[in-house]
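Numbering (our numbering), first residue to last: 2 to 336. For reference, the structure discussed in these notes is given below.
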């Protein structure tokens with residue numbers, strides 16, 4: 002699928018990242034599917050409203066590892082700018098330093114416009130901060146409050162910053178967001194993948210990466226929200242099963258609705274009431290699509306990279322359908 006639009010608590014009108022396939026003649030290079038993700042860092046699971054935090058951040062090396070003692074979490078850093086999400090070793094970051102700097106700091110302000118763009122008060126009452134990846138150990142502060150720690154340079158960091166935003170710590174320019182990253186390339190016990198431990202890459206080793214190296218964004222969500230989506234297509238392409246995981250057990254009477262479409266044409270829709278759990282499963286029958294397309298025509302291939310849009314909506318039985326997300330169908334199947 003191209004992306005699932007997930008709805009979970011406030012009125013939303015987003016569409017999934019979509020794409021049709023290519024009908025290139027034999028021997029011709031197939032056209033890539035058009036990018037309709039709107040630039041979302043994770044189009045497989047996106048809500049209509051979100052706020053990108055990529056771009057210029059204040060940045061500092063902390064070779065003496067004194068930032069904690071000197072109060073950097075409370076006042077931020079200054080003196081140098083870095084372009085997130087490029088790591089400081091990359092020339093595109095604006096820093097381009099390849100020396101050993103095991104501790105680095107980032108800071109920026111979250112304005113009222115940032116929070117509004119993320120859907121605060123409209124899409125939900127919880128504000129999530131997403132850091133796509135930080136190499137290797139990360140700590141996060143908002144308004145001087147330490148709210149998260151994370152180890153693992155290749156896994157995402159997702160933090161609920163709602164409480165920290167409510168505390169009286171907002172400055173005249175907005176809420177202060179600070180990230181500290183620690184990455185020790187000479188530590189043989191720290192997973193490094195193919196990253197080089199030298200200042201310059203040699204042989205088969207890649208250049209090192211320190212700190213934030215994937216996109217950062219905000220999104221507002223309701224207290225009960227869709228957190229994860231997984232799709233399992235039938236081998237025969239006659240159906241696809243959805244498994245949706247929510248942030249907490251859903252209230253009694255909640256319902257889940259799934260709508261599938263291809264290049265703007267509806268394929269199928271199914272809706273069901275859910276048990277009071279945090280995991281829900283639905284099967285979408287594709288044998289009789291709404292616009293009569295043959296099941297085999299939905300399959301993905303390099304020559305015909307068709308992607309199916311999925312809108313997934315979670316709502317109380319007494320409420321209008323709300324909040325949304327999107328997910329793509331992978332190679333060989335509609336989901």
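The beta carbon of each residue, even a glycine, is placed where N, CA and C say it ideally should be.
Three-state class that DSSP yields for residue i in the structure shown
i, result
"residue 45", "coil"
"residue 119", "coil"
"residue 177", "strand"
"residue 167", "helix"
"residue 298", "helix"
"residue 129", "strand"
"residue 111", "strand"
"residue 225", "coil"
"residue 202", "coil"
"residue 146", "strand"
"residue 57", "strand"
"residue 266", "strand"
"residue 161", "strand"
"residue 27", "Here residue 27 scores only 36 on pLDDT, less than 50, and its place in the model should not be relied on; the value that follows carries that caveat. If DSSP states are grouped into helix, strand and coil, residue 27 belongs with coil."
"residue 283", "strand"
"residue 308", "strand"
"residue 98", "coil"
"residue 172", "strand"
Residue i - partner residues in DSSP beta bridges
i, result
"residue 183", "104 and 138"
"residue 232", "243"
"residue 90", "Paired residue(s): none; residue 90 is not in a bridge."
"residue 258", "272 and 314"
"residue 213", "135"
"residue 151", "139"
"residue 52", "219"
Identity of the residue in the options nearest residue i by Cα
i, options, result
"residue 184", "225, 262, 210 and 304", "210"
"residue 346", "101, 171, 42 and 298", "What the structure shows of the chain is the stretch from 2 to 336, and residue 346 is not part of that stretch, so it cannot be assessed."
"residue 48", "316, 312 and 317", "312"
"residue 132", "270, 67, 124 and 142", "142"
"residue 252", "66, 223, 79 and 41", "223"
"residue 193", "208, 180, 144 and 215", "208"
"residue 264", "273, 244, 308 and 247", "308"
"residue 160", "147, 129, 258 and 175", "129"
"residue 104", "239, 300, 200 and 181", "181"
"residue 225", "241, 219, 268 and 255", "255"
"residue 82", "101, 257 and 108", "108"
"residue 50", "41, 80 and 119", "119"
"residue 176", "186, 162 and 188", "162"
N- and C-terminal bounds of the beta strand (DSSP E) containing residue i
i, result
"residue 277", "Taken as a continuous stretch (DSSP letters only), residue 277 belongs to no beta strand (DSSP E), as it is neither H nor E."
"residue 84", "82-85"
"residue 157", "Element bounds for residue 157: n/a, residue is neither H nor E."
"residue 191", "Counting along the chain, residue 191 falls outside any beta strand (DSSP E), and DSSP gives it neither H nor E."
"residue 40", "Run containing residue 40: none; DSSP gives neither H nor E here."
Host alpha helix (DSSP H) of residue i (start-end)
i, result
"residue 76", "73-76"
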